[in-house]
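First up is the structure itself, then whatever we jot down about it.
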Amino acid sequence: VIRCRAAVAWAVGKPLSVEEVEVAPPKAGEVRVKIVATGICHTDEHLLEGSFPNVDFPVIPGHEGAGIVESVGEGVTSVKPGDKVIPLCLPQCGECTFCLNPESNYCLKCHVSEPQNLLPDKTSRFTCKGKQIHHFLWVSTFAEYTVIPEYAVAKIDAAAPLDKVCLLGCGFPTGYGAAINTAKVKPGSTCAVFGVGGVGLSVVMGCKAAGASRIIAVDINKDKFAKAKELGATDCISPHDFKKPIQEVLTEMTGHGVDYSFEVIGHADTMTAALASCNMNTGVCVMVGVPASGSVISLDPMLLLSGRTWKGTLLGGWKTRHSIPKLVSSYLEKKFNSDVLITHTLPIAKVNEGFELLRAGK
Ligand code: NAD
Ligand code: ZN
Ligand code: ZN
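Per the UniProt record's numbering, the sequence shown starts with residue 1, numbered consecutively.
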């Protein structure tokens, strides 16, 4: 058993509490990882707000990390102590019908398919003050040591800087892949990205890499625009600057609406606005933002009947165990610069300050 620090969420709506926790050794098929760095994704904030009905508290959040294998359980062959790894919040078991389908990146062993958030065997490796603590998405990266099923760990290049490539655990591949895998943005096309936080900026990078000729960033926080422009946005607009609905503004700006639109916020109203902003016949709208649990969208069916395509994406469509190590290699070859997404670096003791910065749009 290892004693270390972790940020524990004891109850919905409460700040995280940095505690000493006990982390049990990995059982068969599991890996214990020393987490070196973790990002904060808005999905962690959704968790603290209580948006995941299947997640029980107390829980250790975090799902965008990078670390080093400390020990492995019986039967683990794909990683060994000392290997650098990225925990996969969307696993790839390689055996389920979804994993065997070349078109799919969902895995039936994903935590989202489970009604419980201990480990898959329904026990926890974390305790704190004598209480069992739940895991999050199998990975719980807000702990200095965590235990993860082998199929949710990807071995990466030993040269990778873990404090940078942790973002390749969620935000960057989600946004970048939403553009290149899910939407399949074509060269010369027009795109609109609703919400340019960490994930939305990654969508902008993906649209740019795919050769889009016009990329319109839409955000209510104009402080986000400088970075969006630096990464390839050609226009930046705030819905607050217009009297008419933003979908009408985008349609006028582009003639018949954009070829591809992306919702990267997680609100039902911006999801509908993003759909209405793309070309009525050939437009493709990708839903990336996670809506609050229980959200319902009502819409004019003509929006879809006229030909538009509306899709969603999980982790940008990547088959994670295969693709994340390749993305790390591409990062090392400087094919993209995800470091631009890093705004602040804080020690674990200041994790709540990190969430305050996220809430303040910083
Ligand atoms: P973030 O908080 O960094 O960014 C959200 C952005 O949306 C901010 O810039 C904010 O100003 C902007 N915004 C808020 N309301 C708006 C409005 N009405 N109109 C225009 N802009 C608005 O969040 P993030 O970490 O980039 O995550 C974005 C979303 O993506 C979240 O919902 C998150 O849960 C989701 N997500 C989904 C996946 C997936 O696999 N599908 C993966 C990661 C994150
Ligand atoms: Zn995330
Ligand atoms: Zn699978």
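C-beta: ideal position from N, C-alpha, C; glycine also. The structure displayed is predicted, hence computed values, not measured ones.
Item                                                                                                                                                                    : Value
Rank Pro239, Ala209 and Leu231 by C-alpha distance to the C-alpha of Lys222 and give the top, closest one.                                                              : Pro239
For Ala154, which of helix, strand or coil comes out of DSSP?                                                                                                           : strand
What does the alpha-carbon distance come out to for the pair Trp10 and Lys131?                                                                                          : 11 Å
For Ser306, which option in Lys208, Pro115, Asn279 and His42 has the closest C-alpha, if you only look at C-alpha atoms?                                                : Asn279
Evaluate Thr43 with the Cβ neighbour count: other Cβ atoms within 10 Å of its Cβ, from every protein chain shown; 16 or more gives buried, anything less gives exposed. : buried
Report the start-end ranges of each alpha helix (DSSP H) in the segment 173-233 that is 4 residues or longer and not cut off at the edges.                              : 198-209 and 225-231
When burial is assigned at 16 or more other CB atoms within 10 Å of the CB, is Gln92 buried or exposed?                                                                 : buried
Flag this pair as yes or no: are the beta carbons of Thr174 and Leu327 separated by less than 8 Å?                                                                      : no
By the DSSP assignment, the beta strand (DSSP E) with Glu30 in it spans what residues?                                                                                  : Glu30 to Thr38
Hey, out of Thr320, Val286 and Glu45, whose CA is closest to Arg308's CA?                                                                                               : Val286
Just confirm the distance between the C-beta atoms of Leu201 and Ala66, as a whole number of angstroms; I'd bet it's less than 8 Å.                                     : That pair is no contact at about 19 Å.
Identify which residue in Ala160, Phe126 and His134 has its Cα closest to the Cα of Tyr145.                                                                             : Phe126
If Cys236 sits next to Phe225, beta carbons under 8 Å apart, how far is it from one beta carbon to the other, in whole angstroms?                                       : 4 Å
Skipping 5 residues on each side, what residues in its chain have a beta carbon closer than 6 Å to that of Thr320?                                                      : Leu88, Leu90 and Gln92
Look up Gln247 in the DSSP assignment and say whether it is helix, strand or coil.                                                                                      : helix
Tell me, to the nearest whole angstrom, how far the beta carbon of Val196 is from that of Val185; I am working on the premise that it is less than 8 Å.                 : That pair is no contact at about 16 Å.
Is residue 386 helix, strand or coil when you go by DSSP?                                                                                                               : Only positions 1 to 362 of the chain appear in this structure, which leaves residue 386 out of reach.
From what residue to what residue does the beta strand (DSSP E) around Met287 run?                                                                                      : Val284 to Met287
Between the Cα of Glu256 and those of Ile265, Ala152, Val79 and Val284, spot the shortest distance and give me the residue it belongs to.                               : It is His, not Glu, that sits at residue 256 in the sequence shown. Among Ile265, Ala152, Val79 and Val284, the Cα nearest to that of His256 belongs to Val284.
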